[in-house]
Amino acid sequence: MKWMKLKKIYFVIAMLVFVISYMVDVNEYVAIENLDIPIGIGYDLINGKTKNPLYSIPISVYQFLPGNSTLNTIVTTGKAEGIANTREDRQTKSNRKFILGTEKVVLISQEVAEKSIEDMINILFNNTYANDTARVAIFKGKTIDALKTKVKGYSSSADYIKGMIDSCINYNFFSNNHKMIDVYTRVLGEGRSATLPYIEMDNGEFKMTGMGIFKGSKLKYLSDRKEAKIINLLRENKVSGIINLRSKSGEMTNLNALSMKKIKCKKEGDKYKFTINLELDSDIIENNSYKKVADDPKITKKIEKETEEVVTKKSYNFIKKMQNEIKFDCLELGKVAAAKYGRRTNIDWDKVVCESEIKVNVKVKLERLGRGIL
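This is the structure in structure tokens:
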């Protein structure tokens with residue numbers, strides 16, 4: 001009986017091998033030496049004022065040289081009216097087949113981001129081979145300059161920039177929602193907005209200097225790194241970063257905090273009220289201000305209270321700026337209201353949030369106190 005079962009299993013395996021080998025055309029396979037393998041894609045505008053914008057799309061690719069184990073990195077550029085048409089121009093400059101799906105980074109120039117990224121995301125998501133986990137960032141200047149930059153110890157600048165985006169979750173309260181799929185869902189989602197790291201060149205080095213916030217498919221606000229920290233604290237959940245406390249004499253105490261955020265939404269008549277509850281589990285990583293922290297619970301409570309006051313003040317300062325100057329929902333509060341009171345109601349959530357009462361409650365808990373002052 002056991003032998004009969006084994007024969008059936010072997011027969012099924014043999015049939016599968018036969019069918020697969022019959023269906024697959026070996027001629028479809030291409031040697032890796034004949035492929036351009038993309039690792040970074042850039043989006044630049046040559047002329048965005050015309051009806052059909054003139055784009056320049058540089059792509060950083062790996063090339064494996066025949067008979068050589070050396071990995072070569074080059075940047076090829078396509079220029080045309082419309083993003084899709086740049087493929088034709090780029091292919092005329094290459095002697096290899098181009099494949100999508102391995103790109104690690106998508107860089108968007110500030111000029112393209114301010115005009116609109118709608119065409120870009122439509123083309124990438126209509127292509128089933130595109131990598132929807134590629135990291136995305138805004139670049140100040142031309143992205144071709146970023147992709148051509150040599151970084152010591154890296155095969156390409158795209159590898160380095162990907163690492164920058166992945167590691168931005170440390171110390172600055174950035175989230176890890178900077179992939180193509182995140183951009184797509186937030187641009188199209190009701191009450192949502194996409195945020196992307198803002199990168200520029202500083203003395204020949206890449207540096208993340210802030211964050212861009214989109215309204216729909218257009219970049220509408222750029223924050224510096226310090227302001228981005230408080231924005232991320234208010235809009236993201238489970239993010240970590242450093243909170244700075246400065247005494248009257250100028251001495252610094254720094255806390256490394258992990259946030260937990262809950263938002264409540266209440267509707268009274270035509271008005272909405274939002275309450276953002278923030279819990280910050282914190283560790284003292286530098287203490288130049290407080291003595292006997294580990295010995296005196298009153299000192300611990302004092303640090304917690306002062307941290308709460310600092311975060312609360314910065315939160316209300318940004319909320320006031322958002323409602324009176326920026327004038328659109330940077331914190332995705334509309335998403336919470338839409339989830340509770342119904343979607344597709346043609347409500348302008350940006351207007352609602354900017355006219356609503358927003359309350360922030362901050363609770364800080366010190367988990368580790370360090371060793372105090374010597």
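Residue numbers (the UniProt record's numbering): 1 to 374. Glycine included, C-beta positions come from ideal geometry on N, C-alpha and C.
By the Cβ test, the stretch 320-334 is in contact with the stretch 230-244, since at least three Cβ pairs between them sit closer than 8 Å. When DSSP reads this structure, Phe125 sits in no beta bridge, so it has no partner.
Using a 10 angstroms sphere on the CB of Lys314, the tally of other CB atoms reaches 16 or more, which defines it as buried. Straight-line spacing of the CA atoms in Thr209 and Asp132 works out to 25 Å. Where Gln91 is concerned, there is no enclosing beta strand (DSSP E), although the alpha helix (DSSP H) around it starts and stops at Thr86 to Gln91. Boundaries of the beta strand (DSSP E) harbouring Asn244: Ser240 to Arg246, taken from the DSSP string. Taking 8 Å as the cut-off, the beta carbon of Ile199 is found closer than this to the beta carbon of Ala137. Distance from the Cα of Gly42 is smallest, within the candidate group Ala31, Leu107 and Thr76, for Leu107.
Judged by DSSP secondary structure, Leu366 falls within the beta strand (DSSP E) whose first and last residues are Glu357 to Arg368. Excluding sequence positions up to five before and after Glu279, its CB lies within less than 6 Å of the CB of Met260 and Lys363, all in the same chain and listed in chain order. Judged by their CB atoms, Ile276 and Asn256 are not nearer to each other than the 8 Å cut-off. Looking at the DSSP output, Lys271 bridges to Glu268. Beta-bridge annotation (DSSP): Phe214 is paired with Leu219. Where Ala158 is concerned, the enclosing alpha helix (DSSP H) starts and stops at Ser157 to Ser167. Secondary structure note for Tyr341: its alpha helix (DSSP H) is the uninterrupted segment Leu333 to Tyr341. Non-local C-beta neighbours of Glu111 in its own chain, meaning closer than 6 Å and more than five positions away in sequence, comprise Leu45, ordered along the chain. Thr143 sits in a helix when the DSSP states are folded into three classes. Distance from Lys264 to Ser356 at the Cβ level is roughly 12 Å; contact not present, criterion being Cβ atoms closer than 8 Å. Pro38 sits in a strand when the DSSP states are folded into three classes.
For Glu227, the closest alpha carbon among the candidates Thr50, Asn317 and Gln63 is that of Asn317.
For the 8 Å CB-CB criterion, Ser60 and Val75 form a contact. For Asp348, there is no enclosing alpha helix (DSSP H), as DSSP marks it with neither H nor E. Assignment of Pro297 by DSSP, reduced to helix, strand and coil, places it in the helix class. A check of alpha carbon separations from Thr195 across Lys365, Glu367, Val360 and Cys168 identifies Cys168 as the nearest. For Lys115 and Lys51, the gap between their C-alpha atoms comes out near 12 Å. Between the beta-carbon of Lys104 and that of Asp159 there is about 7 Å, and that keeps the pair under the 8 Å contact cut. Residue environment for Tyr341: exposed (fewer than 16 other C-beta atoms within 10 angstroms of its C-beta). Looking at Glu304, Lys359 and Ile121, the one whose alpha-carbon comes closest to that of Phe274 is Lys359. Residue pairing from DSSP places Gly78 in a beta bridge opposite Ile57. Contact annotation: Asn254 and Glu286 have beta-carbon atoms nearer than 8 Å. With 16 or more other Cβ atoms from the protein chains shown falling within 10 Å of its own Cβ, Leu147 counts as buried. Of the candidates Ser109, Leu71, Ser157 and Ala134, the residue whose Cα lies closest to the Cα of Lys140 is Ser109. Scanning its chain for C-beta atoms nearer than 6 Å, with the 5 sequence neighbours on each side dropped, one finds around Val187 the residues Ala194 and Ser217, in chain order. With respect to Asn172, Arg87 sits apart: the two C-beta atoms are not nearer than 8 Å.
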